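Residue numbers (the working numbering), protein chains in the order written: chain A, 1 to 24; chain B, 1001 to 1214. A virtual CB, placed ideally from N, CA and C, is assigned to each residue, including glycine. Being a predicted model, the structure only gives us computed values, none of them experimental. Working notes, beginning with the structure itself.
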Amino acid sequence: NNLNAFDIISFSSGFDLSGLFEDK
Amino acid sequence: MGCYFSTSKKSKIPGYEDPTVLASETPFTVSEVEALYELYMKLSNSIIEDGLIHKEEFQLALFRNRNKRNLFADRIFDLFDVKRNGVIEFGEFVRSLGVFHPNAPLEDKIAFAFRLYDLRQTGYIEREELKEMVLALLNESDLVLSDDMIESIVDKTFKDADTKDDGKIDQDEWKAFVTQHPSLIKNMTLPYLKDISMAFPSFIARTEVEEQEL
Chain A
1 NNLNAFDIIS FSSGFDLSGL FEDK
Chain B
1001 MGCYFSTSKK SKIPGYEDPT VLASETPFTV SEVEALYELY MKLSNSIIED
1051 GLIHKEEFQL ALFRNRNKRN LFADRIFDLF DVKRNGVIEF GEFVRSLGVF
1101 HPNAPLEDKI AFAFRLYDLR QTGYIEREEL KEMVLALLNE SDLVLSDDMI
1151 ESIVDKTFKD ADTKDDGKID QDEWKAFVTQ HPSLIKNMTL PYLKDISMAF
1201 PSFIARTEVE EQEL
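Structure (C-alpha cells):
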C-alpha cells in the first residue's frame, strides 16, 4: 500500500483553481 | 482612450495597486497583471458589484455554485485574503496567484502548500489535521475507504514525513518530504497563468495603446 495521504487529498476539487479562468 | 480607462476608473477600485509594482513582485509581466485585472473585475462583480472578491464569488467561480463548501477552497480563500478582512483585494489576488505561476520559486510553492495543510495555523501539520483532510476529500468524492485503511494510510504518511518522530510535521520535514514526492505540489502550478494574456486578448490591445501613450 503505497498510497500517500497528501496525494489522496490533492484530488479535492477545492484545489482545482482552473475554474477561475473559465469563461462564465 | 486607454489612459482614461486606466487612471480614472481603476483607481476607484478598493485595493487597486499599480500593475508595475505588482509585476516587479511577482512572476507576471505588466501586461499579464493587466489581464489579471480584467479577470479580477469579472470575478469580483459576479454577485456583489463592489470590485472585491467575496468567498461566495470565489466559490461560484470554482464550482459554478456559490453555496458549495469545500475545506480546501476555504483554506485557499483564507490564504489569498492576506489582510483577513473577508475579501480578496486585487493586490492579494495577483500576489497569491503569482505563487501558482509555472515560473514561481519552488520554495514559495512548498511554503504555500504547507500553510494550506496547516489547518489550525499552529506552524505544524498534525496527524489529526491530516486525517481531517483525507476525510474531507472522501466526503466529496465517490472514493470509499474503510476507517482501518484511512488510519493505515495516515499512519504511513506520517511515519514517512515526521522524521523527527515528534507527532507533527514541521516546515523542514515538509520540504524534505515534498522533495522526495514532487507530485505533492503539482496543484501549486497553474499552466493557465502562462497564457493569461491570451485568455484575455481584448486587454492586450488596450495595454499596448497605453504603453504607446506613455
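In the structure shown, what three-state DSSP assignment does residue i receive?
{"i": "phenylalanine 1005 (chain B)", "result": "Residue placement at phenylalanine 1005 (chain B) cannot be trusted, given a pLDDT of 46 that sits under 50; the coordinates are not used to answer."}
{"i": "lysine 1068 (chain B)", "result": "coil"}
{"i": "glutamate 1017 (chain B)", "result": "coil"}
{"i": "alanine 1061 (chain B)", "result": "helix"}
{"i": "aspartate 16 (chain A)", "result": "coil"}
{"i": "isoleucine 1048 (chain B)", "result": "coil"}
{"i": "aspartate 994 (chain B)", "result": "Lying outside 1001 to 1214, the shown extent of chain B, residue 994 (chain B) is not represented and no answer is given."}
{"i": "proline 1191 (chain B)", "result": "helix"}
{"i": "lysine 1186 (chain B)", "result": "helix"}
Rounded to a whole number of angstroms, what is the C-alpha to C-alpha distance between residue i and residue j?
{"i": "serine 1152 (chain B)", "j": "isoleucine 1053 (chain B)", "result": "40 Å"}
{"i": "threonine 1026 (chain B)", "j": "phenylalanine 1100 (chain B)", "result": "10 Å"}
{"i": "glutamine 1180 (chain B)", "j": "tryptophan 1174 (chain B)", "result": "10 Å"}
{"i": "isoleucine 1047 (chain B)", "j": "lysine 1164 (chain B)", "result": "47 Å"}
{"i": "serine 1031 (chain B)", "j": "lysine 1186 (chain B)", "result": "26 Å"}
{"i": "isoleucine 1013 (chain B)", "j": "lysine 1159 (chain B)", "result": "49 Å"}
{"i": "glutamate 1056 (chain B)", "j": "asparagine 1139 (chain B)", "result": "21 Å"}
Could you tell me whether any Cβ in chain A is nearer than 8 Å to the Cβ of residue i?
{"i": "threonine 1026 (chain B)", "result": "no"}
{"i": "methionine 1041 (chain B)", "result": "no"}
{"i": "asparagine 1070 (chain B)", "result": "yes"}
{"i": "asparagine 1067 (chain B)", "result": "no"}
{"i": "threonine 1179 (chain B)", "result": "no"}
{"i": "isoleucine 1088 (chain B)", "result": "no"}
{"i": "tyrosine 1192 (chain B)", "result": "yes"}
Can you pull the DSSP bridge partners for residue i?
{"i": "isoleucine 1053 (chain B)", "result": "B:Ile1088"}
{"i": "glutamate 1126 (chain B)", "result": "B:Lys1168"}
Under a Cβ-count criterion, where at least 16 other Cβ atoms within 10 Å of its own Cβ denotes burial, should residue i be classed as buried or exposed?
{"i": "glutamine 1121 (chain B)", "result": "exposed"}
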